[in-house]
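What follows is one structure encoded as structure tokens, with my remarks underneath.
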Amino acid sequence: MQIVLGILANAGGVGKTTLAVHLAYEVSKLGHPVAILDLDPQRSLDVFCGLEPVDSQDSLVTVFSKDFKGQWPLVETWQGSRVQVCQGHPYMSSMSDQLVTRRRGEYALADRLRKYPLTHDLVIIDCPATLGMLATNALAASTHLLVPVQLEMKSAFGAAGLIEWCIEVSDELELNPRPPILGIVPCMYDSKTAIHRQILQQLPEITSQLSVTLYPRVRDSKEFKNASAVGLPLQKYRPNHPAVEDFKVLSKDIDRLIQDAKG
Ligand SMILES: Nc1ncnc2c1ncn2[C@@H]1O[C@H](COP(=O)(O)OP(=O)(O)O)[C@@H](O)[C@H]1O
Ligand SMILES: [Mg+2]
Numbered sequence: 008m009q010i011v012l013g014i015l016a017n018a019g020g021v022g023k024t025t026l027a028v029h030l031a032y033e034v035s036k037l038g039h040p041v042a043i044l045d046l047d048p049q050r051s052l053d054v055f056c057g058l059e060p061v062d063s064q065d066s067l068v069t070v071f072s073k074d075f076k077g078q079w080p081l082v083e084t085w086q087g088s089r090v091q092v093c094q095g096h097p098y099m100s101s102m103s104d105q106l107v108t109r110r111r112g113e114y115a116l117a118d119r120l121r122k123y124p125l126t127h128d129l130v131i132i133d134c135p136a137t138l139g140m141l142a143t144n145a146l147a148a149s150t151h152l153l154v155p156v157q158l159e160m161k162s163a164f165g166a167a168g169l170i171e172w173c174i175e176v177s178d179e180l181e182l183n184p185r186p187p188i189l190g191i192v193p194c195m196y197d198s199k200t201a202i203h204r205q206i207l208q209q210l211p212e213i214t215s216q217l218s219v220t221l222y223p224r225v226r227d228s229k230e231f232k233n234a235s236a237v238g239l240p241l242q243k244y245r246p247n248h249p250a251v252e253d254f255k256v257l258s259k260d261i262d263r264l265i266q267d268a269k270g
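Take 8 as the starting number for the sequence shown in our numbering and just add one per residue.
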């Protein structure tokens, strides 16, 4: 079995792509080949990976197309890393509309991954901001889910709604087993912001009520933006930056999942 990690949130700008990129890099450094699939029509993953935008036939759009025969359009990213990317494309949003009327539309990505498996130990699905057909595809294709939250009222308490959505949709799609939520990751934590400190303090209670794991927070740092501006993960851009540590616990857990899946 392969680990397919869907990174979901019910808003944009909470740190999904940042989490996808930094986890991919970290887990690859533990010796695992990793693929990131960009389901976001805004294709912000391209920027984080220093990649030029591609035509739709060289993007994930091709994987969804009816005549796909297993030629995943994967490209290398970050020289020397074991991370490959299947790039997104704005046409993904029209694709999303078409999936609504297509037979097994919700399972399109899951079906592709089953019929034409990727060989990577870990596949990370970077989701768009809205919980539409593309997010539903991610859910159906995932073995595990990860939920980044921002430490603002709306986002932190919206996590409960998102988890409910995952459970409801999984049941409707009769996903068996239902992909478990690996955990919640508080993102962009600024210790100087009172509301961040307050919500971070409340999160253990919220997550224990929801029976989900709470991962260590990822701190706020302008270096994340600076790193992505040159298409690099922070680990490569500033290897000694303290925020590099913020992904370690989560990466170790994913490493363990991969080992278990391999048996
Ligand atoms: N921990 C962080 N500290 C500072 N800026 C961050 C952090 N995480 C993400 N950002 C920035 O916030 C913006 C939104 O993050 P992104 O990962 O693209 O969110 P999403 O994928 O959920 O839309 C980006 O400009 C990103 O560089
Ligand atoms: Mg994103």
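From the three backbone atoms N, C-alpha and C, an ideal C-beta is built for every residue, glycine too.
- Spanning the alpha carbons of E179 and P135 requires a straight line of approximately 21 angstroms.
- DSSP lists no beta-bridge partner residue for R50.
- Secondary structure in the stretch 119 to 205: the beta strand (DSSP E) runs of 3 residues or longer, each lying completely within the stretch, are 129 to 133, 151 to 157, 188 to 194 in chain order.
- I174 places its beta carbon less than 8 angstroms from that of R185.
- A distance criterion of 7 angstroms places the beta-carbon of D133 in contact range of ligand 2, judged by its closest non-hydrogen atom.
- For Q242, the enclosing alpha helix (DSSP H) has its first and last residue at 241 to 244.
- Distance from the CA atom of L30 to the CA atom of I131, rounded to whole angstroms, is 9 angstroms.
- Cβ-Cβ separation between L44 and D133: approximately 7 angstroms, consistent with a contact (criterion under 8 angstroms).
- With a cut-off of 8 angstroms on Cβ pairs, the stretch 161 to 170 is not in contact with the stretch 111 to 129, counting fewer than three such pairs.
- Rounded to the nearest whole angstrom, the C-alpha separation of S103 and G13 is 17 angstroms.
- Between A167 and A147, the C-beta spacing is not below 8 angstroms.
- Distances taken from the Cβ of K23 to the heavy atoms of ligand 2 include one shorter than 7 angstroms.
- In the three-state reduction of the DSSP assignment, Q105 falls in the helix class.
- Selection T69, L52, Q157, V21 evaluated against A234 yields L52 as nearest (Cα-Cα).
- Inter-residue distance for R204 and D262 is about 30 angstroms (C-alpha atoms, whole angstroms).
- For L44, DSSP records a beta bridge to C93, I132.
- Rounded to whole angstroms, V107 and M140 show a C-alpha spacing of 7 angstroms.
- With respect to Y98, V68 sits close: the two C-beta atoms are nearer than 8 angstroms.
- Within the model, the alpha-carbon separation for V176 versus G19 is close to 20 angstroms.
- Ligand 1 has a heavy atom closer than 7 angstroms to the beta-carbon of K232.
- For the pair M195 and Q242, the CB atoms are not nearer than the 8 angstroms cut-off.
- Here the alpha carbon of A115 sits roughly 44 angstroms from the alpha carbon of K199.
- In terms of Cα proximity to R245, the closest of A236, E230, K259, K255 is E230.
- Contact between D253 and R224 holds: CB atoms are separated by about 7 angstroms, below the 8 angstroms threshold.
- Boundaries of the beta strand (DSSP E) harbouring L12: 10 to 14, taken from the DSSP string.
- In this structure, DSSP gives L264 a helical state, which the three-state scheme calls helix.
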